[in-house]
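Numbering (my numbering), first residue to last: 2 to 588.
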Amino acid sequence: RLYLRAAQVAELPRRLAHPVLAPAAARLEKLAARSPQFRVEWQALHYLVRPDAAQGRATITEALGLLQRCELPDRQDACRVTGRMMVTGAIVYDWLYPLLTDAQRRGFIREFVRLARTHECGYPPVRQGSVTGHSSEAMIMRDMLSAGLAIHDEDPEMYRLAAGRFFREHLPARNWFYPGHAYHQGDSYGLHRYSWDLFPLFIFDRLGAGNVYHPAQRFVPYSWVYTTRPDGQRLRAGDTFATSAPRGRPWGEFGATLLAASYYGDGVLLSQALQQGGFSDNEAIFEFLWRDPDLALQPIAALPLARYFGPPFGWMVARTGWGEDAVIAEMKVNEYNFVNHQHLDAGAFQLYFRGALAIDSGLYQGGSSGAYGSPHGKNYYWRTIAHNSLLIHDPAEKFSPKGDYGNDGGQRLPNNRSEPRTLADLLAPEKGYRTGRVLAHGFGPDAHTPDFTLLQGDLTAAYSRKVREVTRAFVFLNLRHPRVPAALVVFDRVHSADPAFRKSWLLHTLEEPQLAAAAATVDRTEHGARGRLLLDVLLPAADNARLEKIGGPGREYWVLGENFANDVEPARRARTSLETGDWRLEL
């Protein structure tokens, strides 16, 4: 019953022989040759195909020994190791169940509980949140749920605890935001977290429950389809770790898109998954178990060129095409901010054309300042100042009670950046996660190849009481001209509580922009790129505006007189796809 029903067990010989699944099977065989953990899973799979009692008993003995020897390692995110071992034990327990002795059953149960207690969510799993954070990853939705299901007949406690919290907390939150067809945790963690959401999808389906999620789950990966660049990278969003991939290699998708494509029969998502790649060694077995090998590809290039991602997001992506010369524009309102790996970027935009031109700047990991929660993160990378948005600077504004967040002039910290534990927390007005409201959106006149794409939003709630009203409107124009293929018009209205508060309009770049009065040119020339962006300031009037550039060595992450550096070794920068951004334009 774990991961497979009787009908799927009967199909295993066909899957082992299927040419589409042959690479996955070969990978599992190679993993089995070098890892005892993967070996017992591979042996358990073969037991289902061709039962061999003697080999099965040996597999059980080896698997129980692995569980007993598994300890929490001294490393970051250590319980991902103990949790994955619970999955191995659950596979062997469930698939070889008839061969288990009573003593072995008790031994497995004892080890499952011991390993569950190493998890950050605790056992019983009552710690952390179910909307964001590590407890919204594998610990509950895969590891405990899998082990609990395997041992349910002998000891139902773990299943009841894991499934109970999932149905009580995780599921309502996801069914609330899935209709927006996006994920709130960015270009890296969004995919990562979505991949864990898919485990309950398959687990409960294989139990006969069908799809427990809102059917809009299917469309969440389209946010990554639309923000995938011609070079295989994605437009930056939130805390980015996908940049560890070398330049020229597509950014993987953790198997998430492939599993969604298989479950929902979506050939476009299959094309995206095969284009990008994704399964790690730890999850390779699930490609073999759950991929639909008979699903036909559908072309990404047949999709409409604009897509709106509705509440609670309020995002729009417009493109001029899907080829090497495509212009991509991303526009954001952010009706809610989920914090954790989401940034304070309401109203931000990005532009890509033959290279990244208007970018999200900063660095998540691998720099001198550290990663999550570093001074660089708290004072620059997470903040509005690192994004193509608006600053309204009140010199007296305090952003956090502890003073650990400086004054960048940007958006407030929802609930002091404390993560929402449940959907009820997220929706509680007093906690301040509501940050905006879409006023208008649309594209046309042709819905497939629009000439214009529009997004307008009220961003007032994203800021503190230093503002009375902030609105931003975007209009993207597909000009279909070989030299100037597109234009993005950005129009803001800002009414501050004190007219003296300085207002700044931001545009971040990778290379130094060139200024000419109320205009600027941004070129992208590195690594074979050949893109250009022309900025023309239409408003405010010249006598009420100053356009300047900030950046260069020692000023890359400049915040009101201080550079929050996060330096990267040149060798690491050369072997990765980092785009940290050294410059910005301020109007």
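We put the beta carbon where it would ideally sit given N, CA and C, even for glycine.
- Of the candidates Gln457, Thr62, Tyr406, the residue whose Cα lies closest to the Cα of Tyr98 is Thr62.
- By the neighbour-count criterion, in which a residue is buried when 16 or more other Cβ atoms sit within 10 angstroms of its Cβ, Gln234 is buried.
- In the displayed model, Arg115 falls within a helix according to three-state DSSP.
- For Asp198, the enclosing alpha helix (DSSP H) stretches over residues 187-207.
- When Ser189, Leu579, Phe113, Pro52 are compared, the shortest CA-CA separation from Ser362 is found for Leu579.
- About 6 Å separates the Cβ atoms of Val439 and Glu336, confirming a contact at the 8 Å cut-off.
- Burial of Gln457 is indicated by the presence of at least 16 other C-beta atoms within 10 angstroms of its C-beta.
- In the DSSP annotation of this structure, the continuous segment of the alpha helix (DSSP H) that includes Ser147 starts and ends at 146-151.
- Between the C-alpha atoms of Val226 and Phe444 there is a straight-line separation of about 18 Å.
- In the DSSP annotation of this structure, Val10 is not part of any beta strand (DSSP E); the continuous alpha helix (DSSP H) holding it starts and ends at 7-11.
- Annotation for Met332: Met317, Phe350, Leu456, Phe475 place their beta carbon closer than 6 Å to its own, counting only its chain and skipping 5 residues before and after.
- Between Tyr264 and Arg219, the gap from beta carbon to beta carbon is short of 9 Å.
- A contact between stretches requires three or more CB pairs, one per stretch, nearer than 8 Å, and the segment 265-273 meets this requirement with the segment 281-300.
- Burial check for Pro24: the Cβ neighbour count within 10 Å stays below 16, so the residue is exposed.
- Boundaries of the alpha helix (DSSP H) harbouring Arg58: 54-70, taken from the DSSP string.
- Checking the DSSP bridge columns, you'll see Ser497 partnered with Val468.
- With distances taken between CA atoms, Thr119 lies nearest to Met145 out of Asp295, Thr436, Ser137, Met145.
- In the DSSP assignment, Trp506 is bridged to Leu391.
- Pairing Arg469 with Glu284, the inter-Cα distance amounts to about 49 Å.
- By the Cβ-count criterion, Gln38 is buried, with 16 or more other Cβ atoms from all chains shown falling within 10 Å of its own Cβ.
- Cβ contact annotation for Phe280 (same chain, cutoff 7 Å, sequence separation greater than five): Gly256, Glu288, in chain order.
- The residue from Gln273, Leu391, Ala7, Tyr160 with its alpha-carbon nearest to that of Ala463 is Leu391.
- Within the segment 70-103, not a single complete beta strand (DSSP E) segment reaches 3 residues in length.
- In this structure, Tyr124 sits near Met159, with a CB-CB distance shorter than 9 Å.
- Residue environment for Pro402: exposed (fewer than 16 other C-beta atoms within 10 angstroms of its C-beta).
- Take the alpha-carbon of His215 and the one of Val21: they are about 29 Å apart.
- In its chain, beyond the 5 residues on either side, Ser401, Pro402 have a beta carbon closer than 8 Å to the beta carbon of Asn417.
- For Arg230 against Ile329, the beta-carbon gap comes to about 7 Å, under 8 Å, which counts as contact.
- Boundaries of the beta strand (DSSP E) harbouring Thr454: 453-459, taken from the DSSP string.
- Under the DSSP assignment, Trp291 falls in the alpha helix (DSSP H) whose first and last residues are 285-291.
- Thr228 sits in a helix when the DSSP states are folded into three classes.
- In the displayed model, Trp559 falls within a strand according to three-state DSSP.
- Counting the other CB atoms within 10 Å of its CB gives Asp346 a total of 16 or more, which places it among the buried residues.
- Gly130 and Phe178 have their C-alpha atoms spaced approximately 16 Å apart.
- Taking a cut-off of 8 Å for Cβ pairs, the segment 382-390 and the segment 495-508 touch, as three or more such pairs fall below it.
- Counting C-beta atoms within 10 angstroms of its own C-beta, Gly407 has 16 or more neighbours from the protein chains shown and is therefore classed as buried.
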